[in-house]
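Heads up, the thing below is written out as structure tokens.
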Amino acid sequence: MILLVASGVLAQPDKKKDDKLPANVSYYKDVRPIFQQHCQGCHQPAMAKGGYVMTGHADLFKKSDTEAAGIVAGKPEISGVYQQIIPQKGKKPAMPRGKEPLSQREVTLIKKWIEQGAKDDTPASARLPSVDAEHPPVYKLPPVIDGLAFNKAGTLLAVTGYHEVLLHKADGTGLLARLVGMSEMVQSVSFSPDGKWLAVTGGNPGRFGEVQIWNVEKRKLKLSIPVTFDTIYGASWSHDSKLVAFGCADNSLRAIDAQTGSQVLFQGAHGDWVLDTVFSVKGTHLVSVSRDMSMKLTEVATARMVDNITSITPGALKGGLQAVDRHPTRDQLFIGGADGTPKLYQMFRTKDRKINDDFNRIRTFAPMQGRIFAAKFSPDGSRVVAGSSSDGKGEVRVFETDTGKSVSTFKGINGPIYALAYHPSGSVIASAGFEGVVHLNDAATGALIRDFVPVPLKK
């Protein structure tokens, strides 16, 4: 059997179900998007269930573990892929496994494409070299780095790259593994609280978003869940390592079960892209920040948006929000965004809202250069760090949480900063961004300890 697994629960409705079918079905325009949305999550080089890969046209004609050919040109009746997506002997289609069947339009498009010869009409401009574990990305220049994360044990540093996450020794002295996946753009990385899993968000802009869950010890991909039709952002874990939340460019906030990939939360209250997320201490609530300039509070059990944590006064907000982090033991939130001013908020309102107030705001820190793209608490919550970008330059500053006093400004920062990570010891902070270099600085003094390019460069 060919395992053609989908993620229909996270997909958008089939908006073309009433459209007339094209006379000549295009693989690139009509069929490939169906496979991409419903099938490639479990049939890609990093996780080829049933021994079958569906990310390339040539792969579709190969046999699965059962020796059945996925596609036989001109013959849908003996093409394994087609037979798996239609009812058999009165039973619902075998695939997508555990999900709703493909729409009749999607099934008919696939059948007609096979009948017409299953041709590949991918334009030359879109024929990129294959990227997988056996053919990892080749870099001539360091890539822009959008995400960093240390694991709980403090032994690993995850760094985002092109089509991959690179696992380094925490002190920057060596590359340990390359986790190559389907998404071209990797936007965020987050280790689970129990240290067993790594959540990754990203996608291919304008085509699909993806959540990846990797087994850290085995360096193996456990789940790949296509979500929406654009890149996704801001992965965060619940305290019990069971749920992963993320934000989407369709303005939605979502969360999935980290073991099954099933969607458990959808919230559409934001008016623009949702760029970062974090759970409350007990995991009962979920906080999201967005380009719409707001920070919203959602109840996890009901998926109900229960509060705008930031002010709703017209003109009070000064730009989109980019980053949010929660105090390790208190429901307090550190945020940053387009106005360049870091702020500390309480998560839960303790008095009725009034126009012209910003009651939940606890503290405003000293302004930084440009826009803030990253904001983190120290492991003990006593300090916060923010990273910014302004006219090709960057800045990283550490503050005391409870007083707002400036602790240090990092040395050796030569470009815009998009990502930060506090080492579990609290003594070292990793930062990175546009220049593609990871900086390790002393959190207390700002002194540069080490910097390194996280990817191998082709000479």
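Residues in the sequence shown are numbered consecutively from -16, following the working numbering. Glycine included, each C-beta is placed from N, C-alpha and C at the ideal position.
- For the options Gly157, Ala415, Asp335, Gly387, the alpha carbon positioned closest to that of Asn291 is the one of Asp335.
- The beta carbon of Pro439 sits closer than 8 Å to the beta carbons of Tyr122, Leu158 from its chain, once the five residues preceding and following it are set aside; these are given in chain order.
- In summary, His118 is exposed, with fewer than 16 beta-carbon neighbours lying within 10 Å of its beta-carbon over all protein chains present.
- Annotation for Leu124: no alpha helix (DSSP H) segment contains it, and DSSP assigns it neither H nor E.
- Within the same chain, Glu418 come within 7 Å of Asn397 by CB-CB distance, once the 5 residues on both sides are set aside.
- Tyr10 sits away from Asp154, with the two beta carbons spaced by 8 Å or more.
- The stretch 231 to 245 makes contact with the stretch 200 to 214, as at least three CB pairs between them are under 8 Å.
- Ala404 carries a strand assignment under DSSP once its states are collapsed to helix, strand and coil.
- Between the beta-carbon of Val261 and that of Thr312 there is about 14 Å, and that puts the pair past the 8 Å contact cut.
- Counting C-beta pairs closer than 8 Å gives fewer than three between the stretch 84 to 103 and the stretch 125 to 144, which falls short of the contact rule.
- Excluding five sequence positions before and after Asp259, the CB atoms of its chain that fall closer than 6 Å to its own CB belong to Gly217, Val272, Ala306, Val307, given in chain order.
- Around the C-beta of Glu200, fewer than 16 other C-beta atoms lie within 10 Å, and the residue is accordingly described as exposed.
- Every beta strand (DSSP E) of 3 residues or more that sits fully in the stretch 372 to 423 is shown, in chain order, as 376 to 383, 389 to 392, 400 to 405, 411 to 416.
- By the Cβ-count criterion, Phe356 is buried, with 16 or more other Cβ atoms from all chains shown falling within 10 Å of its own Cβ.
- Non-local C-beta neighbours of Asn134 in its own chain, meaning closer than 6 Å and more than five positions away in sequence, comprise Phe174, Gly178, ordered along the chain.
- Here Leu140 carries a strand assignment [DSSP, helix/strand/coil].
- Linking Ile69 to Val90 through their CA atoms gives a straight-line distance of about 8 Å.
- When rounded, the separation of the alpha-carbon atoms in Pro79 and Ser207 is 14 Å.
- The beta carbon of Ser408 sits closer than 8 Å to the beta carbons of Gly137, Pro362 from its chain, once the five residues preceding and following it are set aside; these are given in chain order.
- With contacts defined by Cβ atoms closer than 8 Å, Gly387 and Arg346 form a contacting pair.
- The DSSP assignment places complete beta strand (DSSP E) segments of no fewer than 3 residues inside the stretch 183 to 227 at 191 to 198, 203 to 210, 215 to 220, in order along the chain.
- In the structure shown, the three-state DSSP call for Gln329 is strand.
- Measuring C-alpha to C-alpha distances from Phe44 to each of Ile97, Val194, Leu431 identifies Ile97 as the nearest.
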